[in-house]
Structure formats: structure tokens, C-alpha cells
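A.B. asks:
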Amino acid sequence: MVRSESGKNLTHDLAEKIGRMIVSGDVAAGQNLPIEADLCAKFESSRTVTREAVKMLTAKGLVGQRPKRGTYVEPESNWNFLDPDVLQWILQRQFSPVLLKEFLIVRRAIEPAAAAEVIKHGSSWEIDAIGAALDRFRKAPPGEESLEADIAFHITILEASGNRFLRQFAPMVETALRFSIRMTNEEKGVSVADIEAHADIYEAIRQRKEKLAMRLFTELLNEAIALTESAEKRARMQAADA
9 MVRSESGKNL THDLAEKIGR MIVSGDVAAG QNLPIEADLC AKFESSRTVT
59 REAVKMLTAK GLVGQRPKRG TYVEPESNWN FLDPDVLQWI LQRQFSPVLL
109 KEFLIVRRAI EPAAAAEVIK HGSSWEIDAI GAALDRFRKA PPGEESLEAD
159 IAFHITILEA SGNRFLRQFA PMVETALRFS IRMTNEEKGV SVADIEAHAD
209 IYEAIRQRKE KLAMRLFTEL LNEAIALTES AEKRARMQAA DA
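Rendered as C-alpha cells:
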């Protein structure tokens with residue numbers, strides 16, 4: 009594995025640079041990427057690193073390869089939005105309430121289900137871990153610490169579900185939460201998410217009240233969806249006035 013002096017994987021670093029170039033539209037869907045030699049020259053990378061970076065982007069659905077045609081950019085519909093890197097690049101490209109709303113709808117489908125799985129199958133120590141995440145959330149000062157604690161609460165529930173498929177969503181949820189929490193807090197006019205709403209979810213899980221936990225989780229996410237729709241509407245109005 010080729011690494012830089014800081015220990016960061018050079019292949020991933022180059023894949024990120026090319027990936028951001030793709031999602032920003034510098035190379036449109038259907039267009040070919042520069043040939044390998046040109047990519048090596050542009051990014052001052054070796055052929056080995058460049059080839060591995062392109063393989064990574066192929067696995068993420070951003071590019072395809074065909075004999076005689078070369079490496080080309082796939083349409084956005086083929087991109088793997090569940091890949092944390094792809095999601096992060098897209099969200100950093102341009103804030104998109106529409107994309108965040110779609111993400112919240114996915115969360116609404118999986119997180120209440122994860123809470124139900126914890127209630128049905130979770131051990132006492134797994135539920136205690138959710139309580140510890142909530143306690144960290146309560147004690148965290150506003151800002152990055154509070155954001156990290158909020159994210160940890162949601163990820164801990166997914167991990168405690170014991171469901172291998174639900175757990176697979178954790179990296180994607182963690183990545184997108186860094187954007188959606190900031191947006192919903194700003195839209196709501198608060199610096200920290202509603203801790204008591206999270207506490208109510210934890211209490212329902214602790215008492216193993218499945219229907220209550222699922223309802224509370226759904227209500228929390230419905231509020232976030234409504235806030236996202238408000239941000240989406242404002243963005244459309246601002247675009248119309250521009």
C-alpha cells in the first residue's frame with residue numbers, strides 16, 4: 009500500500025481529487041477522463057497510484073471503462089450514494105436540501121427499525137451504550153462536540169441493532185448527519201438538536217417499548233424532513249429572486 013509521509017493513503021487521496029473533479033462537473037457524464045499519462049502529470053502521481061485510484065472510482069460508480077473507449081464518467085444515477093466518500097463529495101460540492109431530504113427519508117425507513125431491533129434483541133450493555141451516548145450528548149457544549157455526540161447517539165443505535173444490513177448504513181448516516189444536523193438546527197434557530205426528544209427515544213428503548221420508540225423516532229425525523237422542505241422552499245425563492 010502506497011502511503012504519504014502523513015500516513016494517508018495516496019491512492020485514496022488521488023481518488024478524492026478526481027472524484028471531486030467529477031462531482032463538480034469539471035468532467036461531464038459521458039465524457040472521458042484524461043488518459044492515464046495526463047492524470048499522472050496533472051496530479052504528479054505514479055501510474056500504479058493512478059490506476060488504483062481509477063479502480064476505486066469505478067467501484068464507487070463514478071466512472072466506467074470499456075475497450076477502445078477508455079475511462080468515462082458515469083451518469084449521476086449510477087453513482088453509489090451509499091458510499092460515504094461519494095456522499096461527502098456531493099454534499100460539499102453544493103448544499104442540497106433536496107438530497108438531504110432524500111437522505112432523511114432513508115433514515116426514516118431504517119432508524120426506527122433499528123430501534124425496534126435493539127428493543128427485541130439488544131443486550132443490557134448495548135442499551136447502556138445508547139444511554140452513555142445520550143449522556144455525552146447532554147454534557148457536550150454547543151458546537152462540534154455537540155454535533156459529534158448527536159451523531160454518536162444515532163450510530164450507536166444502528167450498531168446496537170445487531171442487524172448486519174442496518175449496520176452497513178452507519179458510515180453513510182454518519183457522513184450525511186454532519187450536514188443535515190447543521191442545516192436543521194440552523195433552520196430551527198437553535199445551536200443544539202432537541203436533546204429531550206433523543207432522551208425520550210432512549211427511554212422508550214430502555215423500557216423496551218417498541219411501538220413508542222418507533223413513533224418517537226419517526227416524529228423526530230418527520231420534523232427534520234419538514235425543516236428540510238422549508239430550507240428547500242427558501243432556496244427556490246432565493247434562486248428566483250437572483
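First residue of the sequence shown? That's 9 in the numbering used here, and the numbers climb one at a time after it. Glycine included, C-beta positions come from ideal geometry on N, C-alpha and C.
Suppose the cutoff is 6 Å on Cβ atoms and the five residues either side in sequence are ignored; what does the same chain contact list for ALA232 look like?
C.D. replies: Within the same chain, ALA232 has close Cβ partners LEU112 and THR192.
A.B. asks: Is it buried or exposed for MET180, if we count other Cβ within 10 angstroms and need 16 for buried?
C.D. replies: MET180 should be labelled buried.
A.B. asks: Taking a contact to mean a Cβ-Cβ separation below 9 Å, would you say ILE127 touches LYS217 in this structure?
C.D. replies: Yes, Cβ-Cβ distance for ILE127 and LYS217 is below 9 Å.
A.B. asks: Considering only C-alpha positions, which residue in the set PHE89, ASP21 and ALA123 is nearest to PHE225?
C.D. replies: Nearest option by C-alpha distance: ALA123.
A.B. asks: Could you tell me whether the stretch 161-170 touches the stretch 236-248, where touching means 3 or more Cβ pairs closer than 8 Å?
C.D. replies: Flag = no, the stretch 161-170 and the stretch 236-248 do not touch.
A.B. asks: Do ALA157 and ALA141 have their C-beta atoms within less than 9 Å of each other?
C.D. replies: Contact flag set, yes.
A.B. asks: Under 9 Å between the Cβ atoms of ILE159 and ILE189?
C.D. replies: Yes, they are a contact pair.
A.B. asks: Taking the C-alpha atoms as reference points, what is the distance between ASP21 and ALA67?
C.D. replies: Cα to Cα, ASP21 sits roughly 16 Å from ALA67.
A.B. asks: So, for ALA212: in the same chain, excluding its five sequence neighbours on each side, which residues have a beta-carbon less than 7 Å away from its beta-carbon?
C.D. replies: Excluding sequence neighbours, ALA212 sits near LEU220, ALA221 and LEU224.
A.B. asks: So what does DSSP say about GLY139, is it helix, strand or coil?
C.D. replies: Residue state, collapsed to three classes: helix.
A.B. asks: Compare the Cα-Cα distances from ILE135 to each of ALA207, SER154, ARG55 and GLN73 and report the closest residue.
C.D. replies: Out of ALA207, SER154, ARG55 and GLN73, ALA207 has the C-alpha closest to the C-alpha of ILE135.
A.B. asks: If you scan the stretch 98-147 from start to end, which runs of the beta strand (DSSP E) of 3 or more residues do you find wholly inside it?
C.D. replies: You should have found no qualifying run.
A.B. asks: Per DSSP, what kind of secondary structure is GLY197 in: helix, strand or coil?
C.D. replies: Three-state DSSP puts GLY197 in coil, outside helix and strand.
A.B. asks: Could you compute how far the alpha carbon of ALA234 sits from the alpha carbon of PHE89?
C.D. replies: Using only the alpha carbons, I get a separation of about 22 Å.
A.B. asks: Could you tell me how far apart the beta carbons of LEU229 and ARG116 are, in whole angstroms, since I believe they sit closer than 8 Å?
C.D. replies: With a Cβ gap of about 4 Å, LEU229 and ARG116 count as contacting.
A.B. asks: Which one of GLU82, ILE98, TRP133 and SER132 has the shortest CA to CA distance from ARG28?
C.D. replies: Out of GLU82, ILE98, TRP133 and SER132, ILE98 has the C-alpha closest to the C-alpha of ARG28.
A.B. asks: With DSSP as the reference, label GLN73 as helix, strand or coil.
C.D. replies: Strand, per DSSP.
A.B. asks: Taking the alpha-carbon positions, what's the LEU108 to LYS147 distance?
C.D. replies: Cα-Cα distance, rounded: 27 Å.
A.B. asks: Let me check one thing: in DSSP terms, what residues is TYR80 bridge-paired to?
C.D. replies: According to DSSP, TYR80 bridges with ASN40 and GLY72.
A.B. asks: From the DSSP output, in three-state form, read off ASN171 for me.
C.D. replies: Of the three classes helix, strand and coil, the one that applies to ASN171 here is coil, per DSSP.
A.B. asks: State the DSSP-derived secondary structure class of ASN17, mapped to helix, strand or coil.
C.D. replies: Three-state DSSP puts ASN17 in a strand.
A.B. asks: Kindly indicate which three-state DSSP category VAL57 falls into: helix, strand or coil?
C.D. replies: The answer is helix: DSSP assigns VAL57 an H, G or I state.
A.B. asks: Which same chain residues end up closer than 6 Å to PRO150 when comparing Cβ atoms and leaving out the 5 residues on each side of it in sequence?
C.D. replies: Within the same chain, PRO150 has close Cβ partners SER199 and VAL200.
A.B. asks: How big is the Cα-Cα spacing for ARG258 and GLU152?
C.D. replies: The chain is shown only over 9 to 250; residue 258 falls outside these bounds and no answer can be derived.
A.B. asks: Going by the CB atoms, is the gap between TYR80 and LEU251 shorter than 9 Å?
C.D. replies: In this structure the chain extends from 9 to 250, so residue 251 is not present and cannot be described.
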